[in-house]
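To keep things clear, I will list the structure first and then write my remarks on it.
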């Protein structure tokens, strides 16, 4: 868990809750909300646990079909609106797109993308077909300059707009077959960097203070090669434990800029973990019914000021 996780998600959850109120008030839009977080996103999962949207995408492959299925079922109940959460890196973990991005990374690490398109000859046939099928705007975004780590800048890829187009196409096909006869309107949002600039929650402030204190003690004790860590976080602050975790225990090897490099291993959402299982057990209920929760803004005093997020509590075996 990085040190801004708690107040990030509190800000996003408030914004999602506001969108949910608007969705129910107008009753005519499906809001596609893209959130920060590469790959299977912890932020997206936690926001889902807090707000109960109709659809949350955590690694599904046939996303357009799945969304269209839910839209059709909700239309049968008279609901032609909804809220859909999308991790920023969704496009990065669809298997076919993963392969395409890997090949593009290799090409961009060694070659210049020419306007004539000679570079495309270096793509495998299946990746070339996929690339040509993508909307022009997405093609251009996939070819943008990589970030300092050699990754596709997924924040600049408007996945939510691509999904709206894909769902519209799928629903049009179903209309022709008589399987859908309602009206679908998609509205796109990206809740991104504004989530990082809020005032830290009580939990984050205390957590960061403890991490800094732990780092100072490790340095003073001559313990190097360690990262400060804090445990027992579901307990009162007085009962937290502070220690150090070996840096090497967190390492992995990834291909960056065409070369293998040691990096901090990505912490993916555990599909067998308690937070995802809690979400999965409610997925169908939230999809077909309106169980929206608007948690409101971050509180600094009062009964909920020191609450801990659902993900952490569930990981520690505490019901949330």
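Numbering (the working numbering), first residue to last: 462 to 781. Positions of the beta carbon are idealized from the N, C-alpha and C atoms, including for glycine.
Close Cβ partners of residue i (< 6 Å) along its chain, the five nearest in sequence each way excluded
{"i": "residue 552", "result": "558, 618 and 620"}
Distance between residue j and residue i (C-alpha atoms, nearest Å)
{"i": "residue 640", "j": "residue 658", "result": "45 Å"}
{"i": "residue 488", "j": "residue 675", "result": "51 Å"}
{"i": "residue 755", "j": "residue 605", "result": "36 Å"}
{"i": "residue 707", "j": "residue 727", "result": "16 Å"}
{"i": "residue 483", "j": "residue 560", "result": "38 Å"}
{"i": "residue 462", "j": "residue 634", "result": "Low local confidence applies: a pLDDT of 44 at residue 462 is under 50, so the model's placement there is unreliable, and no value is given."}
{"i": "residue 667", "j": "residue 689", "result": "14 Å"}
{"i": "residue 514", "j": "residue 481", "result": "8 Å"}
{"i": "residue 649", "j": "residue 494", "result": "6 Å"}
Chain-order list of residues whose beta-carbon lies under 8 Å from that of residue i (same chain, five-residue window excluded)
{"i": "residue 782", "result": "Since the first and last residues shown for the chain are 462 and 781, residue 782 lies out of range."}
{"i": "residue 776", "result": "734, 735 and 736"}
{"i": "residue 678", "result": "703"}
Bridge partners - residue i, DSSP secondary structure assignment
{"i": "residue 545", "result": "493 and 516"}
{"i": "residue 715", "result": "722"}
Residue from the options with nearest C-alpha to residue i
{"i": "residue 773", "options": "507, 494 and 485", "result": "507"}
{"i": "residue 622", "options": "732, 613 and 599", "result": "599"}
{"i": "residue 837", "options": "763, 608, 678 and 780", "result": "This structure cannot settle anything about residue 837, because the visible part of the chain is limited to 462 through 781."}
{"i": "residue 574", "options": "601, 715, 720 and 511", "result": "601"}
{"i": "residue 535", "options": "749, 768, 778 and 763", "result": "749"}
{"i": "residue 695", "options": "751, 592 and 769", "result": "769"}
{"i": "residue 711", "options": "729, 643, 592 and 647", "result": "729"}
{"i": "residue 684", "options": "529, 764, 705 and 697", "result": "705"}
Close Cβ partners of residue i (< 7 Å) along its chain, the five nearest in sequence each way excluded
{"i": "residue 830", "result": "Since the first and last residues shown for the chain are 462 and 781, residue 830 lies out of range."}
{"i": "residue 664", "result": "467, 767 and 769"}
{"i": "residue 747", "result": "513, 514 and 515"}
- What runs of the beta strand (DSSP E), each 3 residues or longer, lie entirely inside the segment 588-669? 647-652
Mind pulling the beta strand (DSSP E) runs of 3 or more residues that sit fully within the segment 667-709?
-> 687-692 and 702-707
request  = Mind listing, in chain order, the continuous alpha helix (DSSP H) runs of no fewer than 4 residues lying wholly within the segment 479-534?
outcome  = 503-512
key: Segments of 4+ residues assigned as alpha helix (DSSP H) that fall wholly inside the segment 726-755   = 735-749
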